[in-house]
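Visitor: Mapping the sequence shown onto full-length UniProt numbering, position 323 (from 1) lands on 323, and the numbers just tick up by one.
Please see the structure below; I have some questions.
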Amino acid sequence: MEPRNLGIHSRKSLKLLRLLVYVMLRANEYDSNGGGPVSGDDRHGGDPERADVSPHSTWPSRRNQLEEIKELLSYIETPEVTSKNIESPRAYYIPEQSQSLNGVWNFAMHESVAAALESVYQDKNSNWTDIQVPGHWQLQGFGSPQYVNVQYPFPVNPPYVPTENPTGVYNRSFWVDENMSNYHGFLRFDGVDSAFYVFLNNQFIGFSKGSRNPSEFDINSHLEPNQFNSLTVVVTKWCDASYIEDQDQWRLSGIFRDVTLVRFDSGSYIWDFHIRTKSLAGSDAVVEVGINHVSKEAGKVVKLKIVGHEVDVGESSITCSDGVSYESVSFNLKEVNPWSAEDPVLYSLKIEAGSDVREVPFGIRTSEIKDGLLKVNGVPVLLKGVNRHDHHFEKGRAISEEDVFNDLVLMKKYNVNAIRCSHYPSHPALLKWADILGFYVVDEADIECHGFLFVDKNGLAPQKGDGTPSGPQYFDSPKEYTSNNPRWKDAYLDRVQRMAERDKNHASVIMWSLGNESFFGLNHVATYEYLKDYHPLPVHYEGDQDNDQANVVDVYSRMYPSHEDVEKEAKKDVAKPYILCEFGHAMGNGPGGLKEYFDLFYTYKRLQGGFIWEWANHGLKKPVPGRNGESFYGYGGDFGETVHDGTFVMDGLCTSEHKPTPGFYEYKHVIQPADITFKETKDGHIDLCVKNLLDIKPLAGDDYYLLVSISQISKDPCYAHADKKEYTTKRTVEISKPIVPKDTAVYPIDIPSDVCGLGPSELLIVASLLTRSECIWASKDHEVAFGQFNRPLSNPTPQTKPTASHIEVVDGLSHCTIRTNTSHIEFSRATGTLQKLVVNGQQQVVQGPKLGFWRAPTDNDLGDAGDGSGVVKEWRDHFVNELVESVESLTYETINTSTVKVNVVSWISPPVVQWLLKSTTEYTIIQHPESLEITLSFTLKPQGPHPNTLPRIGLDLVLNDSITLADWFGNDVETYPDSKTAGRLGLHSSNTKDLFTPYEVPQDNGNRSEVRWLKLTSPNSTQQFFAIARDDPFNFAVQPWTSKQLEQAGHLFELDEYKKQNHLHLNFAVHGLGSQSCGPPTLPKDRLLLNPTHQYQIKLLVK
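Now the structure itself:
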């Protein structure tokens, strides 16, 4: 293992000797350059005759150190300086003989950039500590993370940043052996946040900005073979580029992607190459290969071969001149299999330039705007996508290839076909695996300056300044700060160029994006024109929307429009496709309304899909205070920062650990590749209909098969024969003929004749589309789609009569008590509710049932960024969370020796404001030999200026803690009115604790809908509790905490201060979810409107 502690400080005498000799030899050169560092040429983009000239400099004498440091300092506040001495950007490729410099480095923290540079020049960093590279220093004990969405976390005065600017000095040494003479060495940084200076063996090498873009430096002439070489990197927290890196994410600093000593063969090597499908007509393609070759002599031959399925498809060669040369050749290929996200076929390009031999996978694919539509290989495609940040709950953006692979495999399993790299070029491995697994990628430049929208909160008139740190400029339009400012043109172009050059050869990249939320200006036009000239793919940018259209870029893109607005746009006669670059804000419980978006996408061809915001929560793991070994996921404000945007960073389809949420399960089935429905024929048979919703690839029997499950399930478990509540049979249906895209295949389903009588029951058919064999992203029999059908079966209901029992009613001023041989029931005359319920000597129901209307607000209830502007504002303004019940009357009637009816009339109203619900409740209580039956019938009538909607209408109960098992006939997973496509109707079982969805920000959760009956039992006793639908299905949720306790907790661990109880909610109706945390509210059809009259009925059975 290479020693890493032989840095600058440990080789002081040798360094001083070198410094003295070198300064004497180069004194004249330094004088002619004014004491500043000598800039080298761009070796692969400059004059070929100077190809062997490398940047070379060393420490100046002490009298010139100040001047040199001042020049270096100027770089971080000069937008025109995007880098110094970096090589021209190239396609991502790391030769095998390269050396990784990842690992443990020395690290020192300084309060300013000046102090850090001075420490390097004067060798003041003697107290090194360890730091991991890749990594962020805030996650390794140096400072704290800070989360902001759009607001700038530092004083706004572009291009200036605070002089108190935390800066890290990284140092390590690495061994260079004698074989280095056979190679040409470059130092590559794949990601450094934000600006950084590089020094090697006491010589200034270069400088770069652009946190999520690669930078490479030619260090060949600075390497010292047969010894340790000392590498120092100075990284600033802020620089002028921070103004255009204002993405919605954690502010985290440091070297967070790979550092590599890249080694190319010294005699002849390929610096860069491109692979481009020039045309595709049927199975015939023209593929262009371009080579940027470096050679010390002319006449070198570069051999090229395209291989597919172990068969040579095409072969050619290029003869190169000396120095740096560019040549290209076209391959005319026959009978090719084009690449698509549905069928990601890859070929291999073999390149041989002397000893530089490499194999590069690539796909043959076209992407274009034609006939007003986005087309891949000439076919319009529907994007079923997600926005994805690079993030890990412990490592921040310092993710690994394994992290990327795991993300994409999970996406593939859940039917996602597209990724928007939000809002910067992702880890290089993402495109590698997107090519292999099959994803359409929108590759986005590292540009966002959204914060300028909020710099003038008072709306003051623009003021003129001199553009200095003490005299900032004020502009009357946010775009004038950077996007429409000529000073920033090179910065914008540099970021787009580095992105496009790195990623140009990936078939998965079907569209470029000019950045995110940066208004629209001339600098965007310049970047668009660059891409069209050099990398002609369709270009996206949501900010180009003047007059409600894309005036420059190739697609019209919007964020979070309502369903109504989407449909209006779809009907316009516009020659550009419409894409939602962000929609379905997945913050907390939700989003709702996804199916309705895709119904529109499938209806109107101009609508070509979109990208859910976003892939995963960005929580950072943090210890729970005072608890050893326990942790939680922090968000804005949890790390001591005063400027932050709170929970808005917790807005993903996956948890912070990248585990699917119910919202992701819903999205999986909304975007499934087949629409599976059923149709009843006139002769009483049932047909299974399978429509292929893919765009390019047929659904074939070689890849998939259908599994059909036919069940009969009792609607009332109490009347089932013994414990037999379900009959099920399964059969396989083969896809004998491929189903081409948009076609439907029909398969007759025979209902078995041996369906048994279960009393009142339902016929249920579920058909699943399953993978036939194992593949890289899924196991055999993985379900990609399902559909279901149900209808009631008319079987006679066995009639049972209550057995005669002694029943007694004892009425009092405060209570009304009903006693039987085995039960004790007590009503409160103050609240009108059951206060005590004991059956067979056991108290299964500890509290309730009592009418309940409140729910712990979801993030979408709370509204935009959780600011309370959503539907919860109306609920709180009407004090729905503080309703109090007052009893007008409580009467009873003894029907017979086993039956009593109790009628309660009450007024349910809030404090402060004047409106109410008049409630009439009838309890029909029947004593059976071994159980107590209570049928509740409700009528609710609002009066006064009431809210338009309610969170829910239901019954709240607290059950005995020993009741921990649930069986139910209804939807299996968490479902709400506008989020139940994934709900699978059937007979299900669960431990009650698993019915709670542990959202990292606590809120309402766990609702199961379409429930016919629910059975709750104790594993250690005979206690049983049933809830049975009388007319319409109901909803239920089991929670360890009350709605108010969930509402008050900011993190899951904060709930531990409350006592856990068995809270059961039997909801007759619930309000939908919507996506108003950043988007439209719940659709009208899914709102729980407060109508003039509400009537509900449910039967409870206690044993």
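A virtual CB, placed ideally from N, CA and C, is assigned to each residue, including glycine.
So, helix, strand or coil for N64, using DSSP?
Guide: Counting from 1 along the sequence shown, the entry for residue 64 is found at position 64. Here N64 sits in helix by DSSP.
Visitor: Would you tell me roughly how many angstroms separate the C-alpha atoms of V690 and K395, rounded to the nearest one?
Guide: Within the sequence shown, residue 690 is the residue found at index 690, counting from 1. Within the sequence shown, residue 395 is the residue found at index 395, counting from 1. V690 and K395: Cα-Cα distance of roughly 44 Å.
Visitor: Okay, do the region 149-164 and the region 409-419 touch, 3+ Cβ pairs below 8 Å being the bar?
Guide: no
Visitor: For N601, which three-state DSSP category applies?
Guide: Mapped onto the sequence shown, residue 601 falls at position 601. According to the sequence shown, residue 601 is Phe rather than Asn. Reduced to three states, the DSSP call for F601 is helix.
Visitor: Quick one: is the Cβ of E734 within less than 7 Å of any heavy atom of the ligand COA?
Guide: Ligands displayed in this structure: none; no statement on the ligand COA is therefore possible.
Visitor: Could you compute how far the alpha carbon of D190 sits from the alpha carbon of V259?
Guide: Position 190 of the sequence shown, counting from 1, holds the residue named residue 190. Position 259 of the sequence shown, counting from 1, holds the residue named residue 259. Rounded to whole angstroms, D190 to V259 spans 7 Å at the Cα level.
Visitor: Given a threshold of 16 other Cβ atoms within 10 Å of its Cβ, counted over all protein chains shown, does P752 qualify as buried or as exposed?
Guide: Counting from one through the sequence shown, the residue named residue 752 turns up at place 752. Around the CB of P752, fewer than 16 other CB atoms lie within 10 Å, so the residue is classed as exposed.
Visitor: Output the residue ranges of the alpha helix (DSSP H) runs that lie fully inside the region 550-611 and measure 4 residues or longer, sorted by chain position.
Guide: 563-570 and 594-603
Visitor: State the DSSP-derived secondary structure class of M180, mapped to helix, strand or coil.
Guide: Indexing the sequence shown from 1 puts residue 180 at position 180. Residue state for M180 is assigned as helix, using DSSP reduced to three classes.
Visitor: Using the rule of at least 16 other Cβ atoms within 10 Å of the residue's Cβ for burial, across every protein chain shown, is L684 buried or exposed?
Guide: What you label residue 684 is simply residue 684 of the sequence shown in a count that begins at 1. Note on identity: in this sequence residue 684 is Gly, with Leu being the wrong assignment. Counting Cβ neighbours within 10 Å, G684 comes out exposed, since fewer than 16 surround it.
Visitor: For the region 973-1058, list the alpha helix (DSSP H) runs that are entirely contained and at least 4 residues long, ordered along the chain.
Guide: Fully contained in the region 973-1058 are the following alpha helix (DSSP H) runs of length 4 or more, in chain order: 1043-1048.
Visitor: Please state the DSSP three-state secondary structure of T527.
Guide: Translated into the one-based positions of the sequence shown, residue 527 becomes position 527. In this structure, T527 counts as helix in the three-state DSSP scheme.
Visitor: Specify the secondary structure class of F786 as computed by DSSP and reduced to three states.
Guide: Residue 786 sits at position 786 when you count from the first residue of the sequence shown. DSSP places F786 in strand when its eight states are reduced to three.
Visitor: Taking the alpha carbon of F199 as the point to measure from, which residue in G588, D716 and L117 has its own alpha carbon closest?
Guide: Here residue 199 refers to the residue found at position 199 of the sequence shown. Nearest option by C-alpha distance: L117.
Visitor: What residue range does the alpha helix (DSSP H) around V649 cover?
Guide: Reading the sequence shown from its first residue, position 649 is the one you call residue 649. Here V649 belongs to no alpha helix (DSSP H), and DSSP marks it neither H nor E.
Visitor: Could you check what DSSP says for Y474 in three-state terms: helix, strand or coil?
Guide: Counted from its first residue, the sequence shown places residue 474 at position 474. Residue state, collapsed to three classes: coil.
Visitor: Would you report the Cα separation of L950 and N860, rounded to the nearest angstrom?
Guide: Taking the sequence shown and counting its residues from 1, the one referred to as residue 950 is at position 950. Taking the sequence shown and counting its residues from 1, the one referred to as residue 860 is at position 860. So the two alpha carbons sit approximately 14 Å from each other.
Visitor: May I ask you to report which of helix, strand or coil DSSP gives S74?
Guide: Locating residue 74 in the sequence shown gives position 74, counting from the first residue. S74: helix per DSSP, three-state reduction.
Visitor: Taking 7 Å as the limit between beta carbons, can you name the residues of its chain near P134, skipping five residues before and five after?
Guide: Sequence index remark: in the sequence shown, residue 134 carries index 134 (1-based). The answer, listed in chain order, is N102, I255, F256, R257, D258 and A398.
Visitor: Return the CA-CA distance between T78 and W488, expressed in angstroms with no decimal places.
Guide: For the purposes of this step, residue 78 is identified with residue 78 of the sequence shown, where counting begins at 1. For the purposes of this step, residue 488 is identified with residue 488 of the sequence shown, where counting begins at 1. Distance between the alpha carbons of T78 and W488: 9 Å.
Visitor: Find the nearest neighbour of S562 within the set K576, C816, G592 and L346, judged by alpha-carbon distance.
Guide: The residue you call residue 562 lines up with position 562 of the sequence shown. Measuring from the Cα of S562, the nearest candidate turns out to be G592.
Visitor: Assign F454 to one of two classes, buried (16 or more other C-beta atoms within 10 Å of its C-beta) or exposed (fewer than that).
Guide: Position 454 of the sequence shown, counting from 1, holds the residue named residue 454. Exposed.
Visitor: Could you tell me the alpha carbon to alpha carbon distance between S400 and L410, rounded to whole angstroms?
Guide: The sequence position of residue 400 within the sequence shown is 400, counting from 1. The sequence position of residue 410 within the sequence shown is 410, counting from 1. When rounded, the distance between both Cα atoms is 16 Å.
Visitor: Using the beta-carbon count (16 or more within 10 Å), is M24 buried or exposed?
Guide: Numbered from its first residue, the sequence shown carries residue 24 at position 24. Unreliable placement is indicated for M24, whose pLDDT of 34 sits below 50; the coordinate value is still reported in the next sentence. Exposed, since its Cβ has fewer than 16 Cβ neighbours within 10 Å.
Visitor: Kindly list the residues whose CB is nearer than 6 Å to the CB of I825, restricted to its own chain and excluding five residues on each side of it in sequence; keep chain order.
Guide: Looking up residue 825 in the sequence shown gives position 825. Within the same chain, I825 has close Cβ partners I818 and L837.
Visitor: Taking C-alpha atoms, which residue in P166, V839, P849 and Y92 lies nearest to T1022?
Guide: By 1-based counting over the sequence shown, the position of residue 1022 is 1022. Of the candidates P166, V839, P849 and Y92, V839 places its Cα closest to the Cα of T1022.
Visitor: What does a CB cutoff of less than 7 Å around P1019 pick up in its chain, not counting 5 residues either side in sequence?
Guide: Looking up residue 1019 in the sequence shown gives position 1019. Excluding positions up to five away in sequence, the list reads T964 and L965.
Visitor: Exposed or buried, N948, counting other C-beta atoms within 10 Å across all chains shown (16 or more means buried)?
Guide: As a first step, residue 948 must be located in the sequence shown, where it is residue number 948. So N948 ends up on the exposed side.
Visitor: Whole-angstrom Cβ separation of R276 and Q146, contact assumed at under 8 Å?
Guide: If you number the sequence shown from 1, residue 276 lands on position 276. If you number the sequence shown from 1, residue 146 lands on position 146. That belief does not hold up - the Cβ atoms of R276 and Q146 are roughly 42 Å apart, past 8 Å.
Visitor: What three-state label does DSSP hand W105 in the structure shown?
Guide: On the sequence shown, residue 105 is found 105 positions in, with the first residue counted as 1. In this structure, W105 counts as strand in the three-state DSSP scheme.
Visitor: Along the chain, where does the beta strand (DSSP E) containing G954 start, and where does it finish?
Guide: Taking the sequence shown and counting its residues from 1, one reaches residue 954 at position 954. R952 to L959 is the span of the beta strand (DSSP E), which, as asked, contains G954.
Visitor: Give me the Cα-Cα distance between H391 and D1004, rounded to the nearest whole angstrom.
Guide: Sequence index remark: in the sequence shown, residue 391 carries index 391 (1-based). Sequence index remark: in the sequence shown, residue 1004 carries index 1004 (1-based). Put simply, the backbone Cα of H391 is about 26 Å away from that of D1004.
Visitor: For a quick check, are the C-beta atoms of E352 and K296 less than 8 Å apart?
Guide: Numbered from 1 along the sequence shown, position 352 holds the residue referred to as residue 352. Numbered from 1 along the sequence shown, position 296 holds the residue referred to as residue 296. Not a contact, by the Cβ cut-off of 8 Å.
Visitor: Along the alpha helix (DSSP H) that carries A500, what are the first and last residues, could you check?
Guide: Locating residue 500 in the sequence shown gives position 500, counting from the first residue. Boundaries of the alpha helix (DSSP H) harbouring A500: K489 to D503, taken from the DSSP string.
Visitor: Taking the alpha helix (DSSP H) that N220 belongs to, which residues open and close that run?
Guide: The residue you call residue 220 lines up with position 220 of the sequence shown. Careful: N220 lies outside any alpha helix (DSSP H) and carries neither H nor E.
Visitor: Is the Cβ-Cβ distance between I244 and C449 less than 8 Å?
Guide: Here residue 244 corresponds to residue number 244 of the sequence shown, with the count starting at 1. Here residue 449 corresponds to residue number 449 of the sequence shown, with the count starting at 1. Contact: yes.
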